[in-house]
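Under UniProt numbering, the residue at position 480 of the sequence shown is numbered 480, and the numbers go up by one with no gaps.
Beta carbons are placed, not taken as given, at the ideal position from N, Cα and C, and that holds for glycine.
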Amino acid sequence: MRTRRIGHLSASFIIVISISLGIVGYLVMTVEQMVSRHTPQIDAAMEIKVNATLAHLRFEEIISGDRYEQIDDVWSYLDESDWYARALLEGGKNDEGTFVPLNSINMRRQIESVRVSLSKFRTIAEQRFSNYEASLPGSGIDQEFDRIFAGFIDQADQVETLLQESIALELSKFKQTAVFLTTILAATGVVLAIILYRLEMQREQHLHKIEQTSKKIEAQNTKLDYLAYFDTVSGLPNRSLFTDRLDQAVGHARRKSNCVAVLFIDLDRFKNVNDRLGHARGDEILKLTAKRLKQCLRSDDTVARIGGDEFTVILADLDDHKKAATAAGSVAEHISLELAKPFDIGGLKVDLSASIGIAIYPIDASEADALLINSDHAMYEAKQNNRGSFCFFSREIENRVTQELQIGHDLHNAIKENQFTVHYQPQYELQNDSIVGFEALVRWEHPKQGLLAPVSFMRVAEDTGLIEEIDLYVLNSICRQQQEWKQQGLPAGKIAVNFSAALFSRKDITNIIASHLAEYCVSNHELEIEITESAMLKEMNHTQQLFEKLTNIGISIAIDDFGTGYSSMSYLQNFSATVLKIDRSFVHDIDKSRSTQAIMLSMLELARNLNMEVVAEGVETPQEKAFIKSTGCRFGQGYLLGKPMTAQQAYALLLSEQENNVSVLSPRKV
Ligand code: C2E
Ligand code: MG
Ligand code: MG
């Protein structure tokens, strides 16, 4: 838009300049024409008079006899005078210039009269000269001669005057035109100067604006570049820049035939920290983590944040695999130690740990992306083994990953083809060895691998989200089973079902449970839901509300594997759980270990204070059973008491218990 205006202006400027030049040219030309036209005319007017006067003088001299001039000179002067008069009427050319005929009728008439007078003068001069030659007395003719000459001079003077007046008039008109045009020219010049000045100012402004805009764009680009390649929370390179650098490092190592190590660092249970402390503090921890990671590395090593709580490190240019493994191992150890130190967040001490996986080019992967993936698998292994530890990628991990991929694929079919079944493990009242219920445990009848326990597929099921469907299948099965057993006159007491975090966090979970119970006419108090500590802490607010809702309607909630997760005594009081299932690691060899006994006693004390029942898991020996019984723990579950079994076996067990007249099935009451 602006450019177009400037284009228009410069076009107008060119037009104005052209017109100005035209005007100047016109004025100069007109002056030249006037000069070339009028100068000969003035000369001619003078010449008429001068030549006639010379003729008069010569004539008088001849007549007076003072000089013996030739009479022909007189006639030639008169001819000359007439030639000039004619030139003014018809135009002509001689050595003095070109004569342009006069336009003015008045003047032309005057010149005609001059010519007539001149002719009269010649006629009388001829008469006088004949008289003179004939020696006749000439006083009469002399007077007439003088009168006619005086008349001629008068007319010639008038011609001169008229010519001068006409030239003066023309000159004055020309002056007016010249003044007018010059004024226009000057005004146009001033306007042009103003326009040019304004244009220049605008140009300056535009240039300034363009400069400012390009600076802004540059700053925006820098910012965008930063956002594209750096993580704003930690200030570290992001995934995109990391991938780029890893590609480069691997390419370089390929050319130099050396090694690159990638460390995949994942903060353990960071989500919980985030949930509990809030995102602002979580971000603060991530920043401090980045700072600590940098301190563990050399300046030319790359450390990046590639996900929420995932950091990666590239150790490049390592001579050989052994040196790469040593360097990666010692960096991982250093990082583990640094991250294990408490974080001070506004006076609050937060303990963290990180699981680290290591993969080395070219042994563990020959491409950058595979190297990163394998370091992630190694990290996963480290997390499974022992949080806060590090693990090198290995063929075993590779096999496991391959198996899991296969499992993932098979799981989809398993759901479609109904390959799951439920086993039941009895739970006992320890004081009288009576069955109080069962825990439902899922099993997979794999077409090739046979009966699989959850350990073989649970992780994949959780990662792929298929766990929800499995849990719902189990919930449906136990409700149907409960109904069947009741119809057969053998109610199974309370059946506990394990819920994954995924199913538990569904907003419609209460409705799902209610509809299953209603469909199979199962009472609320006949169902128990088991949830692990870590699942429970995933969405604390939702979990708290759900616990309250379910327990209020008589559905029991058990915290599974207690002691293996956070085991935070303080948060338990915020959840209205019904049962604490003490993990089997606290039951194992309890009769022999004083420290385990102490833990068990404090857990029992805690449960008592919170009005919760306790189930000891994994009771395997009579000694363990005896000791647990002696502590006052009411309920137990374990291989010693009864292994997980099929529904038919569970039915048979219920039947034999009934026949033996043991007071079966007095469901746990809280
Ligand atoms: P869990 O809920 O703690 O279940 C108890 C596990 O301990 C069962 O393993 C059971 O077979 C085993 N167990 C019971 N008594 C003993 C004992 O005396 N010694 C030993 N060594 N083990 C004992 P299982 O069936 O392999 O299940 C493992 C875990 O898988 C369960 O632990 C539970 O967390 C999960 N799980 C099982 N079924 C389901 C399910 O339907 N849904 C979900 N989400 N998880 C399930
Ligand atoms: Mg359980
Ligand atoms: Mg358990």
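In the three-state reduction of the DSSP assignment, residue 612 falls in the coil class, being assigned neither a helical nor a strand state. Collapsing the DSSP output to three states places residue 307 in a strand. In terms of CA proximity to residue 251, 361 leads the group 278, 361, 351.
Here residue 56 is buried, its C-beta having at least 16 other C-beta atoms within 10 Å.
Considering only 161, 70, 151, the residue with the shortest C-alpha distance to residue 45 is 161. The criterion of a C-beta distance shorter than 8 Å is satisfied by residue 577 and residue 559. Chain order is used for the residues whose beta-carbon lies nearer than 5 Å to a heavy atom of ligand 2, namely 498, 530, 560. Boundaries of the alpha helix (DSSP H) around residue 416: 395-416. Taking residue 279 as reference, the option from 293, 233, 378 with the minimal CA-CA separation is 233.
Checking the DSSP bridge columns, you'll see residue 428 partnered with 435, 636. With the rule of 3 Cβ pairs closer than 8 Å, the stretch 453-462 counts as touching the stretch 394-410. Look at residue 463: its beta carbon is at least 7 Å from all of the heavy atoms in ligand 1. For residue 258, the closest of 245, 323, 219, 200 by C-alpha to C-alpha distance is 323. Under the DSSP assignment, residue 124 falls in the alpha helix (DSSP H) whose first and last residues are 105-133. The C-beta of residue 214 has fewer than 16 other C-beta atoms within 10 Å across all chains shown, which makes the residue exposed. When the five nearest sequence neighbours on each side are left out, the beta carbons in the same chain lying within less than 7 Å of the beta carbon of residue 542 are those of 505, in order along the chain. The Cβ-Cβ distance between residue 657 and residue 495 does not fall below 8 Å. Looking at the DSSP output, residue 221 shares a beta bridge with no other residue.
Using a cutoff of 7 Å, the CB of residue 375 does not count as near ligand 1, since none of the ligand's heavy atoms is closer than that. A straight-line Cα-Cα distance of about 13 Å links residue 624 and residue 635. Cβ neighbours of residue 121 within its own chain (closer than 6 Å, five residues either side excluded): 148, 149, 152.
Secondary structure note for residue 479: its alpha helix (DSSP H) is the uninterrupted segment 467-487.
Residue 306 places its beta carbon less than 8 Å from that of residue 238.
The Cβ-Cβ distance between residue 108 and residue 89 falls below 8 Å. Residue 240 carries a helical assignment under DSSP once its states are collapsed to helix, strand and coil. For residue 579, the enclosing beta strand (DSSP E) stretches over residues 579-582. For residue 92, the beta-bridge partners assigned by DSSP are 99.
With contacts defined as CB atoms closer than 8 Å, residue 368 and residue 327 fail to qualify as a contacting pair. Relative to ligand 1, even the nearest heavy atom lies 7 Å or more away from the CB of residue 424. For residue 536, the CB stays at least 7 Å from every heavy atom of ligand 1.
The continuous beta strand (DSSP E) containing residue 498 extends over residues 494-498. Here residue 478 is buried, its C-beta having at least 16 other C-beta atoms within 10 Å. Taken through DSSP and simplified to helix, strand or coil, residue 232 comes out as coil. Judged by their CB atoms, residue 236 and residue 290 are nearer to each other than the 8 Å cut-off. Counting other Cβ atoms within 10 Å of its Cβ, residue 498 reaches 16 or more and is therefore classed as buried.
Each residue's CA atom was taken as its position, placing residue 492 and residue 412 some 31 Å apart.
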